[in-house]
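Undergrad: The structure follows.
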Amino acid sequence: MTDDGTTTDGATATAEEFENPVEGVFDDVERTPGVAKPDPILVAENVVRRFGGLTAVDVDKVQIQRGAITALIGPNGAGKTTFFNLLTGFDKPDSGHVELNGKSIDGVASHRLAAQGMVRTFQLTKALSRLTVLENMMLGAKDQAGENILKALVSPLWRSQETSVEESARALIERFKLTHMTDEYAGTLSGGQRKLVEMARALMTDPELVMLDEPMAGVNPALTQSLLGHVKQLRAEGRSVVFVEHDMDVVSDISDWVVVMAEGRIIAEGPPASIAENQTVVDAYLGSHHDSELTFDDDDQPDHGGDDADEGAAEEADSDDSEPEPSAAVDEAADEERGDDDE
Amino acid sequence: MEGVLLTVDGEGESTTDADGNWSVPVSGPGTYTVTLDAETLPEGVSLADADRASLEVLVEAGQAKTTLFALSSGAGGDDADDGSGITGRRVAQLTVEGLKQGLYLAMAAIGLSLIFGTTGLVNFAHAELVTWGQLMTFFFNYYGLAGLIGFLAPLPGPFGDGVNLIFAALLGMVMGGLMGYALDRGIFRGMRRSGVSLIAQMVITIGLSIVMRYVFLYFFGGNPRFFRDFAGQQAISIGPVEITPKDLVAMIISIIVLIIVGGLLQFTRMGKAMRAVADNRDLAESSGIDVQRVISIVWISGGALAALGGVFFGLDQIKWDFGFRILLLIFASVTLGGLGTAYGALVGALVVGVVINLSTIFIDVELKNMVALLVLVLILLFRPQGILGRAERVG
Amino acid sequence: MLAFDWDIILTQTFSQAFGTQAMVFALAAIGLNIHFGYTGLLNFGQVGFMAAGAYGVGMSVFWLDWGFWPGLPLGVFYCLALALILGIPTLRLRADYLAITTIAASESIRLFVRWRGNRDRTGAAEGINDFADPFYDLNTLFTRPGNRSYEFLFWEYRADDLWVMLIGWTTVVVLLLFTWQLMRSPWGRVLRAIREDEDAARALGKNAYSYKLQALAIGGVIGGIAGMLQAIDKQSVQPDTFNPIITFMIWTVLIVGGAGRVWSPVAGAMFFWGVISGLKAFMRELLDTNAEDELERFLNLSVINIDQVQFMIFGLTLMLFMRYRPQGFFGSREEMALDDR
Chain B
1 MTDDGTTTDG ATATAEEFEN PVEGVFDDVE RTPGVAKPDP ILVAENVVRR
51 FGGLTAVDVD KVQIQRGAIT ALIGPNGAGK TTFFNLLTGF DKPDSGHVEL
101 NGKSIDGVAS HRLAAQGMVR TFQLTKALSR LTVLENMMLG AKDQAGENIL
151 KALVSPLWRS QETSVEESAR ALIERFKLTH MTDEYAGTLS GGQRKLVEMA
201 RALMTDPELV MLDEPMAGVN PALTQSLLGH VKQLRAEGRS VVFVEHDMDV
251 VSDISDWVVV MAEGRIIAEG PPASIAENQT VVDAYLGSHH DSELTFDDDD
301 QPDHGGDDAD EGAAEEADSD DSEPEPSAAV DEAADEERGD DDE
Chain P
344 MEGVLLTVDG EGESTTDADG NWSVPVSGPG TYTVTLDAET LPEGVSLADA
394 DRASLEVLVE AGQAKTTLFA LSSGAGGDDA DDGSGITGRR VAQLTVEGLK
444 QGLYLAMAAI GLSLIFGTTG LVNFAHAELV TWGQLMTFFF NYYGLAGLIG
494 FLAPLPGPFG DGVNLIFAAL LGMVMGGLMG YALDRGIFRG MRRSGVSLIA
544 QMVITIGLSI VMRYVFLYFF GGNPRFFRDF AGQQAISIGP VEITPKDLVA
594 MIISIIVLII VGGLLQFTRM GKAMRAVADN RDLAESSGID VQRVISIVWI
644 SGGALAALGG VFFGLDQIKW DFGFRILLLI FASVTLGGLG TAYGALVGAL
694 VVGVVINLST IFIDVELKNM VALLVLVLIL LFRPQGILGR AERVG
Chain X
739 MLAFDWDIIL TQTFSQAFGT QAMVFALAAI GLNIHFGYTG LLNFGQVGFM
789 AAGAYGVGMS VFWLDWGFWP GLPLGVFYCL ALALILGIPT LRLRADYLAI
839 TTIAASESIR LFVRWRGNRD RTGAAEGIND FADPFYDLNT LFTRPGNRSY
889 EFLFWEYRAD DLWVMLIGWT TVVVLLLFTW QLMRSPWGRV LRAIREDEDA
939 ARALGKNAYS YKLQALAIGG VIGGIAGMLQ AIDKQSVQPD TFNPIITFMI
989 WTVLIVGGAG RVWSPVAGAM FFWGVISGLK AFMRELLDTN AEDELERFLN
1039 LSVINIDQVQ FMIFGLTLML FMRYRPQGFF GSREEMALDD R
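Residue numbers (this note's numbering), protein chains in the order written: chain B, 1 to 343; chain P, 344 to 738; chain X, 739 to 1079.
If you want it as structure tokens, here you go:
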């Protein structure tokens, strides 16, 4: 954790107040890929995903420590998003095994994972445009009686629960400083505000494990600080966080543990400081023609297999929905940052 | 009901095909007498009214006139007309019919699949491009270029009078390409640019399909018509299979055209660009491909191919809603083969053509198009990406 | 000088705006609104659900000999079965697969009931007639003998039609309340979330597939009810009345009214049906005048193809509204603008 007292931004100020409950947990953990953690919440073994002839993901073993902030980084096309989709049930591995809290979640449909305490966000922010911010939030609550078609017809069966859901939704809206937008359509929010809504909405499920897919992509620096604060607050509340990121500065600032992927494999693990010095990691990035240090948002990308597959998966998740690509102008800017110049 | 002899006084005679259809080309408008030879009716079937074995028919220019004979089946003769049994001959005949339909379908379907591949849009008005090609070819076949440029009318040959069907078909393809271009340029390009969602675009293609279809009906009329050339050909026998020469030629042309299309896709710059755009549009765009131009060319070639498919289908008859009638088959074809892939559309169309024709061995001919729906549902259940599609593109 | 009989035009406009056709379309559009307006499902085969409902009633009388009333639940059953057959294979996939399958299915249903092998079950091409007498026997409000005509200002209806309208519009109101209740409940919130982004809903633990299937079934049954009332009104079910064009007229009605709002299907149906009928009456009047020859010469317009012009207007309206005013005639621009971000 670096102290940047340079900004007077309120979000930064609050961010520093949060304690790190897992301070020191990783002291005795070896810095080798696939190493066992003292108390893993998520375990993946031999997870393989192929697209056509390309192997996008081939992870032998990785464990995610409970209560910590774990960053998943890697050069563009490393298969991070594909791996993320496999962990969250949005894609099925060709083979392999994933456990959440010691229970297998192989083949478990993505929507069931929320009930088991895992919730995810998306790289291309999925704010529900024609729902208000409040409705977006209320949607997140688990076990709503009124979500059953028959009970929905009889208001008294869900009225009181609705009131309490609304209360907690409003509390979260306030925590994320969106109170003035409560009754606005989410589609009118700025890109950064949508990221906030998406994160807050995920919290409505009261998750144990929060999976964030590039939460800081395409967000202005001030808001990035605010988002970091919220992520730290999640840890302070005892939740586990995994996030995909490409900006090393962000990673070293908040993560307790970093997992590095390249070409579909885990190539290194360790605390942020050790990763920056890790020769394998540096090679992986240098091999991809990055001239600067470990910032991965460059233009010049290597021509290796995983790239296509990663794109394909992102596209798939996108084409699934009822509002295809051209609509997401804001988010596409973020996407472009990852650089698609393969040829 | 097959093999019934019908005579048109002074014009010729014809026997009915498996569906009980027949046609006799006549020299021009006027009143004709059609006589049904009761001797040739299958056993157990007779004319409902023996006095009405001859009917007077008024035929207008360029129009098909349907003549119906009321028949009744005697005791025990029920459904004797369905043709029955699985004979090698029948299977061969149906397979060829299926391949024929499949080849024509493929030409109608490739454009749909390519447009989907490059733009993500399922064009529900694509069937109307098939009809459009048919109608335009009919129009040139009868009126020649004078139809477009009025003062040519007094001239003979290809200008004032009708033109040969082959030339007319080429003109029809040109018109098909033009229509494809016009639709993309006039309607869809603007929407892509202003980011109208694909869902909205799809609904718009539905509206477009209605407008086009009823404009066709408005100007073409509701009755089926026929091309001036090659109507009512006698089938020739090749081995166990009977086929009219025009269909044989059309099948050969289809195969050639499809091979050319495949070659163009595989080996030319534009073909590669099309596949690149279909594969990953952003990637293609950033590597310097002019995506809008590629999409334009996809629409043009899709429209032209659909038009040619329409002409070949139109060798049987031409109708204002023909395309819409085969829409189900087109969709079954592209889905079966894998939406978005050109080769998939080809393979899918051939499979659909053969399967639905062979299915008539077991089920009533009237229901054969429903088999295509069954194929569609089954493929979506078990392999939604289609035979040739890639798993990750389907969702 | 053109002398129009404005009285006929206005009578047509107002009578049709409240008439049985508008009612049937309003009902079918309420169903489609649940599909498309709230859940984002592209159902291009709503007429198939109408046919399922109508044939449920007809076949109950004609084939099964159960009589008229058991036909209503049978029709509902047919609709549910159809929704499952169409939904199970397609709703896990991208939106366009449902569109393709529904348009294909609705045409296949027409071919199937038309099939001569179904003569004893569906009446094949002739269909089934005069099966709804028990429905009309309940009519004690309007004098039936002679089926007399009732007139009021611009409105003019027959007694039988009035009875159908009374029951039908009541059904419309009930179903509007039903939709309203559902859509303000958490269940409706999930549907709207799925419309906006299915993955987001799934990530939050909502079983999008199941919700979409429920929405397809409910909207389909409402479409079936529309079909039943149409069959009752005409005292006939006939394959060719369930032409695919009906589906797209329903779409036009919904889009004109504005998808995704409770009252819009009704507003759209009454507004659009009134305008179209007025326009048709106007064209007929026009053809009655001495302009007839000119029209026929230059535009090929005659009494025969007025209906064709009507369909062109439907198609064109659908295109223009979807392109330039997707929020419908009565909606607010701001809300729909969000759709495209």
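For each residue, glycine too, the CB sits at the ideal point set by N, CA and C.
Remember, predicted model here, so these are calculated numbers, not experimental data.
According to the neighbour-count rule (16 or more other Cβ atoms, all chains shown, within 10 Å of its Cβ), is B:Glu19 buried or exposed?
TA: Walking along the first sequence from the start, residue 19 of chain B turns up at place 19. With fewer than 16 Cβ atoms within 10 Å of its Cβ, B:Glu19 is classed as exposed.
Undergrad: Residue range of the alpha helix (DSSP H) that X:Trp989 falls in?
TA: On the third sequence, position 251 is the one that residue 989 of chain X refers to. X:Trp989 -> alpha helix (DSSP H) spans 982–995.
Undergrad: Would you grab the beta carbon distance between X:Met903 and X:Thr758 for me? Rounded to a whole angstrom, and I think it's under 8 angstroms.
TA: Along the third sequence, read from residue 1 onward, the residue named residue 903 of chain X stands at position 165. Along the third sequence, read from residue 1 onward, the residue named residue 758 of chain X stands at position 20. Going by Cβ atoms, the distance from X:Met903 to X:Thr758 rounds to 6 angstroms, so yes, they are a contact pair.
Undergrad: Does the region 802–821 of chain X come into contact with the region 689–706 of chain P, if we say contact requires no fewer than three beta-carbon pairs (one atom in each stretch) closer than 8 angstroms?
TA: Contact fails: fewer than three Cβ-Cβ distances are below 8 angstroms.
Undergrad: So, does the region 957–965 of chain X touch the region 844–853 of chain X, judging by three or more C-beta pairs under 8 angstroms?
TA: Output reads no: the region 844–853 of chain X does not touch the region 957–965 of chain X.
Undergrad: What is the DSSP secondary structure of P:Asn825, counted as helix, strand or coil?
TA: Nothing can be reported for residue 825 of chain P, as the shown portion of chain P is limited to 344 through 738.
Undergrad: Helix, strand or coil for B:Pro215? Go by DSSP, reduced to three states.
TA: Translated into the one-based positions of the first sequence, residue 215 of chain B becomes position 215. Residue state, collapsed to three classes: coil.
Undergrad: When the distance is taken between beta carbons, is X:Ile988 closer than 8 angstroms to X:Phe763?
TA: Locating residue 763 of chain X in the third sequence gives position 25, counting from the first residue. Locating residue 988 of chain X in the third sequence gives position 250, counting from the first residue. In contact: X:Phe763 and X:Ile988 (Cβ atoms closer than 8 angstroms).
Undergrad: Confirm, please, whether the CB-CB distance from B:Thr88 to B:Ser104 is below 8 angstroms.
TA: As a first step, residue 104 of chain B must be located in the first sequence, where it is residue number 104. As a first step, residue 88 of chain B must be located in the first sequence, where it is residue number 88. Contact flag unset, no.
Undergrad: For chain X, check one thing: does any of its Cβ atoms lie closer than 8 angstroms to the Cβ of P:Thr461?
TA: By 1-based counting over the second sequence, the position of residue 461 of chain P is 118. False, the Cβ-Cβ gap to chain X never drops below 8 angstroms.
Undergrad: Could you check the C-alpha separation between P:Met518 and P:Ala452 for me, to the nearest Å?
TA: Taking the second sequence and counting its residues from 1, the one referred to as residue 518 of chain P is at position 175. Taking the second sequence and counting its residues from 1, the one referred to as residue 452 of chain P is at position 109. Approximately 18 angstroms, taken between the alpha carbons.
Undergrad: Note the first and the last residue of the continuous beta strand (DSSP E) segment covering B:Pro40.
TA: The sequence position of residue 40 of chain B within the first sequence is 40, counting from 1. From DSSP, the beta strand (DSSP E) with B:Pro40 extends over 40–51.
Undergrad: Can you check DSSP and say which residues form a bridge with B:Ile69?
TA: Here residue 69 of chain B corresponds to residue number 69 of the first sequence, with the count starting at 1. According to DSSP, which records beta bridges pairwise, B:Ile69 is partnered with B:Val241.
Undergrad: Would you say P:Leu724 reaches chain X, if we count a Cβ-Cβ gap shorter than 8 angstroms as a contact?
TA: For the purposes of this step, residue 724 of chain P is taken as the residue at position 381 of the second sequence. At least one chain X Cβ lies under 8 angstroms of P:Leu724.
Undergrad: Relative to the C-alpha of B:Arg50, which residue among B:Ser240, B:Arg112, B:Arg265 is closest?
TA: Walking along the first sequence from the start, residue 50 of chain B turns up at place 50. The residue with the shortest Cα to Cα distance from B:Arg50 is B:Arg265.
Undergrad: Should P:Leu724 be labelled buried (16 or more other beta-carbon atoms within 10 Å of its own) or exposed?
TA: Walking along the second sequence from the start, residue 724 of chain P turns up at place 381. P:Leu724 should be labelled exposed.
Undergrad: Determine the burial state of P:Asp421: buried for a count of at least 16 other Cβ atoms within 10 Å of its Cβ, exposed for fewer.
TA: Translated into the one-based positions of the second sequence, residue 421 of chain P becomes position 78. A caution first: P:Asp421 carries a pLDDT of 38, below 50, which makes its placement in the model too unreliable to give a value.
Undergrad: Please report how far the alpha carbon of B:Arg235 lies from the alpha carbon of B:Pro21, in whole angstroms.
TA: Residue mapping note: residue 235 of chain B aligns to position 235 of the first sequence, counting from 1. Residue mapping note: residue 21 of chain B aligns to position 21 of the first sequence, counting from 1. Going by the C-alpha atoms only, they are around 7 angstroms apart.
Undergrad: Could you check where the beta strand (DSSP E) with P:Glu573 kicks off and where it finishes?
TA: Sequence index remark: in the second sequence, residue 573 of chain P carries index 230 (1-based). One detail in the question is off: residue 573 of chain P reads as Phe in this sequence, not Glu. Segment: none, P:Phe573 is in no beta strand (DSSP E) and carries neither H nor E.
Undergrad: In chain order, what are the residue ranges of uninterrupted alpha helix (DSSP H) at least 4 long that sit wholly in the region 516–593 of chain P?
TA: DSSP runs (the alpha helix (DSSP H)) wholly in the region 516–593 of chain P: 532–536, 541–563.
Undergrad: Could you name the residues that DSSP lists as bridge partners for B:Ala268?
TA: Looking up residue 268 of chain B in the first sequence gives position 268. Note: B:Ala268 sits in a beta bridge opposite B:Val260.
Undergrad: Measuring only the C-alpha atoms, how far is P:Leu710 from P:Ala449?
TA: Stepping through the second sequence from its first residue, residue 710 of chain P is reached at position 367. Stepping through the second sequence from its first residue, residue 449 of chain P is reached at position 106. If I take the Cα positions, the gap works out to 21 angstroms.
Undergrad: Have a look at B:Ala284 and B:Ala36 and give me their C-alpha separation to the nearest angstrom.
TA: Locating residue 284 of chain B in the first sequence gives position 284, where the first residue counts as 1. Locating residue 36 of chain B in the first sequence gives position 36, where the first residue counts as 1. Going by the C-alpha atoms only, they are around 23 angstroms apart.
Undergrad: In chain order, what residues of the region 922–936 of chain X put their CB closer than 9 angstroms to some CB of chain B?
TA: Listed by position along the chain: Arg922, Ser923, Pro924, Trp925, Gly926, Arg927, Val928, Arg930, Ala931, Ile932, Arg933, Glu934, Asp935, Glu936.
Undergrad: For the region 243–262 of chain B against the region 67–82 of chain B, are there 3 or more C-beta pairs whose distance is under 8 angstroms?
TA: These segments touch.
Undergrad: Between the Cα of P:Val637 and those of P:Leu717, P:Gly460, P:Gly575, spot the shortest distance and give me the residue it belongs to.
TA: Against the second sequence, residue 637 of chain P aligns to sequence position 294. The shortest Cα separation from P:Val637 among P:Leu717, P:Gly460, P:Gly575 belongs to P:Gly460.
Undergrad: So which residues on chain B does X:Asn945 lean against when the C-beta distance must stay under 7 angstroms?
TA: Locating residue 945 of chain X in the third sequence gives position 207, counting from the first residue. Under the 7 angstroms cutoff, chain B gives His111.
Undergrad: According to DSSP, is P:Leu731 helix, strand or coil?
TA: As a position in the second sequence, residue 731 of chain P is number 388, starting the count at 1. P:Leu731 falls in the coil class under three-state DSSP.
Undergrad: Return the residues of the region 96–124 of chain B that lie within a Cβ-Cβ distance of less than 7 angstroms from chain X, sorted by chain order.
TA: Those would be Ser110, His111, Ala114, Ala115, Val119, Arg120, Phe122, in chain order.
Undergrad: What is the DSSP secondary structure of X:Asp803, reduced to helix, strand or coil?
TA: Counting from 1 along the third sequence, the entry for residue 803 of chain X is found at position 65. In this structure, X:Asp803 counts as coil in the three-state DSSP scheme.
Undergrad: If the cut-off is 7 angstroms on Cβ atoms, which residues from the region 949–961 of chain X count as contacting chain B, listed in chain order?
TA: So the list reads Gln952, given in the order they occur along the chain.
Undergrad: Determine whether the Cβ of X:Gln784 lies closer than 8 angstroms to any Cβ atom of chain B.
TA: Here residue 784 of chain X is taken as the residue at index 46 of the third sequence, counted from 1. No, its Cβ sits nowhere closer than 8 angstroms to a Cβ of chain B.
Undergrad: Could you give the residue range of the beta strand (DSSP E) that holds B:His97?
TA: By one-based count along the first sequence, residue 97 of chain B stands at place 97. 95–100 is the extent of the beta strand (DSSP E) around B:His97.
Undergrad: On the DSSP bridge list, what partners appear for B:Val119?
TA: Taking the first residue of the first sequence as 1, we reach residue 119 of chain B at position 119. B:Val210, per the DSSP bridge assignment.
Undergrad: What does a CB cutoff of less than 7 angstroms around B:Pro33 pick up in its chain, not counting 5 residues either side in sequence?
TA: What you label residue 33 of chain B is simply residue 33 of the first sequence in a count that begins at 1. Excluding positions up to five away in sequence, the list reads Ile266, Ile267, Ala268, Glu269.
Undergrad: Considering only the beta carbon of each residue, do B:Arg112 and B:Tyr185 sit closer than 8 angstroms?
TA: Within the first sequence, the letter at position 112 stands for residue 112 of chain B. Within the first sequence, the letter at position 185 stands for residue 185 of chain B. Their beta carbons are not under 8 angstroms apart, which means B:Arg112 does not touch B:Tyr185 by this criterion.
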